[in-house]
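K.L.:
Take a look at the following structure, please.
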Amino acid sequence: DAKTTQPPSMDCAEGRAANLPCNHSTISGNEYVYWYRQIHSQGPQYIIHGLKNNETNEMASLIITEDRKSSTLILPHATLRDTAVYYCIVSPQGGSEKLVFGKGTKLTVNP
Amino acid sequence: GAGVSQTPSNKVTEKGKYVELRCDPISGHTALYWYRQSLGQGPEFLIYFQGTGAADDSGLPNDRFFAVRPEGSVSTLKIQRTERGDSAVYLCASSLDYRGNGYTFGSGTRLTVV
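Going down the list, the sequences are from chains S and G.
For the record, in the first sequence the residue sitting at position 18 is 149 according to this note's numbering, with numbers rising by one throughout.
For the record, in the second sequence the residue sitting at position 22 is 7 according to this note's numbering, with numbers rising by one throughout.
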């Protein structure tokens, strides 16, 4: 079973920030938080990952609470192309651990 | 190629038939994974290869499912005596052994058993 909890759906206006929450209260010390997204009819796409510090890349920012029990993925200026299902996953880094996906959050960006 | 390639993109087969699904990973990626995704669900892990060997096949649902990766690159997922419940999108992903930037997934094969 997935070790994360996400809202099933969210809406966001185009050009505004999209903030997607994730709860992972049972995360272990060696587990990272990964975010993937899946656009319709495509395979999942890696977005970002982190351990305890906030992370930013060209796609998004990841904010992890100090107790590491929850995190938020931020898309700073959402576009229509960001409409997708977003998955939050916890997994050890290194080696090749399998990813356990939940149902994710369906983000709809509206014009 | 630049990405993970899966063929065919769509496959329709009759109940009871045998099917093979192919995955070409990114060159140099030693780890390869198969997942299955049913409508409205997240991907479900099936099997993981490190090189030529199956390091974890705990997700294969039963003995009708089998996968190989004989030369450590291309992998084939084989399903015998297909059932209607096997209908799903079968996803393949590959990664470097050190998964710093995550997996790269293919677009999947949509299998329909009629």
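Even glycine gets a Cβ: it sits at the ideal position worked out from N, Cα and C.
Check whether the Cβ of Gln137/S lies closer than 8 Å to any Cβ atom in chain G.
P.N.:
No, no contact with chain G.
K.L.:
For Asp48/G, count neighbouring C-beta atoms within 10 Å of its own C-beta (all shown protein chains included) and say buried if the count is 16 or more, exposed if not.
P.N.:
Asp48/G is exposed by the Cβ-count criterion.
K.L.:
Buried or exposed for Pro175/S, please, with buried defined as at least 16 other CB atoms from any protein chain shown within 10 angstroms of its CB.
P.N.:
It is buried - the Cβ of Pro175/S has at least 16 other Cβ atoms within 10 Å.
K.L.:
Check this for me: beta carbons of Leu238/S and Tyr217/S, under 8 Å apart or not?
P.N.:
Against a cut-off of 8 Å, the Cβ pair of Tyr217/S and Leu238/S comes out as a contact.
K.L.:
Check whether the Cβ atoms of Ala73/G and Gln22/G sit closer than 8 Å, and answer yes or no.
P.N.:
It is a contact, given that the beta carbons lie within the stated cut-off.
K.L.:
Listed from N- to C-terminal order along the chain, which residues in the region 24 to 42 of chain G have their beta-carbon within a distance smaller than 8 Å of any beta-carbon of chain S?
P.N.:
Flagged, chain order: Gly25, Gln26, Gly27, Pro28, Glu29, Phe30, Tyr33, Gln35, Ala40 and Asp41.
K.L.:
Going along chain G in order, which residues have a C-beta closer than 8 Å to the C-beta of Val231/S?
P.N.:
Simply Phe30.
K.L.:
Check the C-beta distance from Leu112/S over to Leu204/S and give it rounded, since I have them as a contact under 8 Å.
P.N.:
Within the shown structure, residues of chain S are numbered from 132 to 242, placing residue 112/S beyond reach of any answer.
K.L.:
With burial defined as no fewer than 16 other Cβ atoms inside 10 Å of the residue's Cβ, what is the status of Pro28/G: buried or exposed?
P.N.:
Buried is the call here.
K.L.:
Beta-carbon of His155/S versus every beta-carbon of chain G: anything under 8 Å?
P.N.:
It does not: the Cβ of His155/S has no partner Cβ on chain G nearer than 8 Å.
K.L.:
State buried or exposed for Ala(-13)/G, treating a residue as buried only when at least 16 other CB atoms are found within 10 Å of its CB.
P.N.:
So Ala(-13)/G ends up on the exposed side.
K.L.:
Considering only the beta carbon of each residue, do Tyr177/S and Tyr167/S sit closer than 8 Å?
P.N.:
Going by C-beta atoms, Tyr177/S is nearer than 8 Å to Tyr167/S.
K.L.:
Go to Gly152/S, then tell me how far its beta strand (DSSP E) extends in each direction, as first and last residue.
P.N.:
Per the sequence shown, the amino acid found at residue 152/S is Pro instead of Gly. Note, Pro152/S: beta strand (DSSP E), Ala149 to Asn154.
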